[in-house]
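Novice: Quick one: this structure, given as structure tokens, is what I'll be asking you about.
There are 2 protein chains.
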Amino acid sequence: MAAVDLSTHPGHLARRLQQAHHLLWNAMVSEEITSPQFAVLNALIAEPGLDQRGVGERVRLDRSTVADVVGRLTRRDLLDKVRDPQDGRRALLRPTAEGRRVHRRLTVRAARMNEVLLAPLADEERALFLSLIQRVADAAERLRDPLAETVTPS
Amino acid sequence: MAAVDLSTHPGHLARRLQQAHHLLWNAMVSEEITSPQFAVLNALIAEPGLDQRGVGERVRLDRSTVADVVGRLTRRDLLDKVRDPQDGRRALLRPTAEGRRVHRRLTVRAARMNEVLLAPLADEERALFLSLIQRVADAAERLRDPLAETVTPS
DNA sequence: CGGAAATAGTCAGTGTGCTGATGAAATCTC
DNA sequence: GAGATTTCATCAGCACACTGACTATTTCCG
Chain A
101 MAAVDLSTHP GHLARRLQQA HHLLWNAMVS EEITSPQFAV LNALIAEPGL DQRGVGERVR
161 LDRSTVADVV GRLTRRDLLD KVRDPQDGRR ALLRPTAEGR RVHRRLTVRA ARMNEVLLAP
221 LADEERALFL SLIQRVADAA ERLRDPLAET VTPS
Chain B
101 MAAVDLSTHP GHLARRLQQA HHLLWNAMVS EEITSPQFAV LNALIAEPGL DQRGVGERVR
161 LDRSTVADVV GRLTRRDLLD KVRDPQDGRR ALLRPTAEGR RVHRRLTVRA ARMNEVLLAP
221 LADEERALFL SLIQRVADAA ERLRDPLAET VTPS
């Protein structure tokens with residue numbers, strides 16, 4: 101008695117969704133490169149030369165996790181990591197040629213995987229689905245970092 | 101160039117949602133008991149005497165993870181774990197009195213937390229949000245275990 | 001009954017994800 | 001310019017989460 105229906109708990113559903121995604125990713129995208137690794141690679145293709153802090157901001161990972169993921173990617177020679185000569189604290193990251201190749205290949209496969217994952221939803225529902233999750237996640241992230249509101253000027 | 105917009109990737113959004121949830125859980129529900137631990141406890145309050153496999157089925161965790169989580173809960177004396185005398189392979193689990201107390205307390209707090217997490221959505225959107233995630237997760241889980249469809253007869 | 005197959009649990013190994021402590025480098029301030 | 005503060009990275013420690021290998025027990029079947 102007094103037990104709760106977990107299907108009304110967004111946290112539980114989020115975990116299930118992630119599991120489902122993880123499963124499909126392994127089956128349809130890659131067994132070697134994980135989805136967070138792809139996200140990091142993707143951020144560095146968009147902005148080569150970013151440091152770890154910058155990557156973490158873009159893909160929403162904390163410092164420690166970024167260091168781990170970057171470590172794995174550099175070990176596989178998908179990333180180059182060099183000390184910033186201008187600022188000895190920073191490690192500048194950029195994708196290798198191989199990293200760009202892998203990224204290109206996985207991008208295509210990830211698109212196919214997303215199709216399968218979202219197959220149960222009608223077209224209009226898909227956009228809605230994505231925007232609802234994003235609104236909830238955005239709001240919660242804003243709770244964490246107080247302000248930083250509105251558009252950041254150049 | 102050729103970088104992807106991760107906000108169109110449900111997997112990435114799922115991870116961000118989970119992170120947001122994790123954060124709020126820590127702040128508003130408990131720093132000691134995690135959300136998966138609560139889920140396991142909840143399953144055993146609904147059905148005391150379940151074995152680990154049964155728990156894993158209910159909360160969607162694999163055998164190894166269930167063993168980990170159950171280990172932590174028994175170490176904290178929130179769960180009792182005894183060998184099934186009828187079937188020596190099984191470990192029968194049931195919540196302790198303390199486990200029930202903790203569960204009751206966290207249930208109230210989790211409800212408050214869910215309110216905050218879903219605050220950015222209007223009432224109708226919340227139900228929609230939950231049902232969309234559930235449909236996607238359900239469908240993906242069905243991909244994993246072929247059949248097992250329809251109602252399982254008594 | 002007795003061997004083969006199925007089932008429950010454990011263990012080792014890997015990867016994500018967090019916090020908190022530490023160290024190194026840059027910047028700010030007096 | 002020297003000391004305090006901030007910033008970037010690393011490390012240890014914990015918790016989830018999966019796979020694959022292994023053990024113990026039970027069940028199934030000849």
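Each protein sequence line maps, in turn, to chains A and B.
Position 5 of the first sequence, counted from 1, bears residue number 105 in the working numbering, the numbering being contiguous throughout.
Position 49 of the second sequence, counted from 1, bears residue number 149 in the working numbering, the numbering being contiguous throughout.
All C-beta atoms in this analysis are idealised placements derived from N, C-alpha and C, irrespective of residue type, glycine included.
As the structure is a prediction and not an experimental result, all values here were calculated from the model.
Please report the Cβ distance between V129 (chain A) and A210 (chain A), rounded to the nearest whole angstrom; I am assuming they are in contact, meaning their Cβ atoms lie under 8 Å.
Specialist: In the first sequence, residue 129 (chain A) corresponds to position 29, counting from 1. In the first sequence, residue 210 (chain A) corresponds to position 110, counting from 1. Confirmed, about 5 Å.
Novice: Would the beta-carbon of D184 (chain A) fall within 7 Å of that of L193 (chain A)?
Specialist: Counting from 1 along the first sequence, the entry for residue 184 (chain A) is found at position 84. Counting from 1 along the first sequence, the entry for residue 193 (chain A) is found at position 93. No; because the gap between Cβ atoms is not below 7 Å, this pair is not in contact.
Novice: Closest to T174 (chain B) by C-alpha separation, out of B:D151, B:R160, B:T196, B:P136, would be which residue?
Specialist: In the second sequence, residue 174 (chain B) corresponds to position 74, counting from 1. Selected option, being the one with the closest Cα: B:T196.
Novice: Here's the rule: buried if 16 or more other CB atoms are within 10 angstroms of the residue's CB, otherwise exposed. What is Q118 (chain A)?
Specialist: One-based indexing of the first sequence puts residue 118 (chain A) at position 18. Per the 10 Å Cβ criterion, buried.
Novice: With 8 Å as the C-beta to C-beta threshold (strictly closer), list the residues of the stretch 129 to 141 of chain A near chain B in chain order.
Specialist: Flagged, chain order: S135, P136, A139.
Novice: Less than 7 Å between the C-beta atoms of D151 (chain B) and R176 (chain B), yes or no?
Specialist: Along the second sequence, read from residue 1 onward, the residue named residue 151 (chain B) stands at position 51. Along the second sequence, read from residue 1 onward, the residue named residue 176 (chain B) stands at position 76. Going by C-beta atoms, D151 (chain B) is not nearer than 7 Å to R176 (chain B).
Novice: Out of A:G199, A:G188, A:D187, state which residue places its alpha-carbon closest to the alpha-carbon of V264 (chain A).
Specialist: With chain A covering only 101 through 254, there is no way to say anything about residue 264 (chain A).
Novice: Please classify Q137 (chain A) as buried or exposed, where buried requires at least 16 neighbouring CB atoms within 10 angstroms.
Specialist: Here residue 137 (chain A) is taken as the residue at index 37 of the first sequence, counted from 1. When all chains shown are included, Q137 (chain A) counts as buried.
Novice: Going along the chain, which residues of its own chain have a beta-carbon closer than 7 Å to the beta-carbon of G149 (chain B), five neighbours each way excluded?
Specialist: Counted from its first residue, the second sequence places residue 149 (chain B) at position 49. The residues are L192, R194.
Novice: Quick check: is the beta carbon of P195 (chain B) nearer than 7 Å to any beta carbon in chain A?
Specialist: Taking the second sequence and counting its residues from 1, one reaches residue 195 (chain B) at position 95. Chain A contact via Cβ: absent.
Novice: Could you give the residue range of the alpha helix (DSSP H) that holds V169 (chain B)?
Specialist: The residue given as residue 169 (chain B) occupies position 69 in the second sequence. V169 (chain B) -> alpha helix (DSSP H) spans 163 to 175.
Novice: Rounding to the nearest angstrom, what Cα-Cα distance links T207 (chain B) and W125 (chain B) in this structure?
Specialist: For this step, residue 207 (chain B) is matched to residue 107 along the second sequence. For this step, residue 125 (chain B) is matched to residue 25 along the second sequence. When rounded, the distance between both Cα atoms is 12 Å.
Novice: Measure the C-alpha to C-alpha separation of V155 (chain B) and A227 (chain B) and round it to an integer number of angstroms.
Specialist: Looking up residue 155 (chain B) in the second sequence gives position 55. Looking up residue 227 (chain B) in the second sequence gives position 127. Cα-Cα distance, rounded: 26 Å.
Novice: Scan the stretch 156 to 177 of chain A for residues whose Cβ lies nearer than 8 Å to a Cβ of chain B and list them as they occur along the chain.
Specialist: Residues V159, R160.
Novice: List the DSSP bridge partners of D180 (chain B).
Specialist: Your numbering for residue 180 (chain B) matches position 80 in the second sequence. Paired residue(s): B:R194.
Novice: Using a Cβ cut-off of 8 Å, pull out every chain B residue sitting near L221 (chain A), in sequence order please.
Specialist: Residue 221 (chain A) sits at position 121 when you count from the first residue of the first sequence. Correct list: L232, R235, V236.
Novice: Given this structure, state the Cα-to-Cα distance separating L288 (chain A) from A143 (chain B), to the nearest angstrom.
Specialist: Lying before the first or after the last residue shown, residue 288 (chain A) is absent from chain A, which here runs from 101 to 254.
Novice: Short check: CB of A127 (chain B) to CB of V159 (chain B), under 7 Å?
Specialist: Here residue 127 (chain B) refers to the residue found at position 27 when the second sequence is read from its first residue. Here residue 159 (chain B) refers to the residue found at position 59 when the second sequence is read from its first residue. No, they are not a contact pair.
Novice: When the distance is taken between beta carbons, is L141 (chain A) closer than 7 Å to H203 (chain A)?
Specialist: Here residue 203 (chain A) is taken as the residue at index 103 of the first sequence, counted from 1. Here residue 141 (chain A) is taken as the residue at index 41 of the first sequence, counted from 1. Closer than 7 Å, so yes.
Novice: With S135 (chain B) as the anchor, note down where its alpha helix (DSSP H) starts and where it stops.
Specialist: Start at 1 with the first residue of the second sequence, and residue 135 (chain B) comes out as number 35. Its alpha helix (DSSP H) spans residues 135 to 146.
Novice: Have a look at L243 (chain B) and D180 (chain B) and give me their C-alpha separation to the nearest angstrom.
Specialist: The sequence position of residue 243 (chain B) within the second sequence is 143, counting from 1. The sequence position of residue 180 (chain B) within the second sequence is 80, counting from 1. So the alpha carbons of these two residues sit roughly 34 Å apart.
Novice: In chain B, which residues lie with their C-beta within 8 Å of the C-beta of E118 (chain A)?
Specialist: Residue 118 (chain A) sits at position 18 when you count from the first residue of the first sequence. Checking the sequence, you will find Gln at residue 118 (chain A) rather than Glu. Simply G111, A114, R115, Q118.
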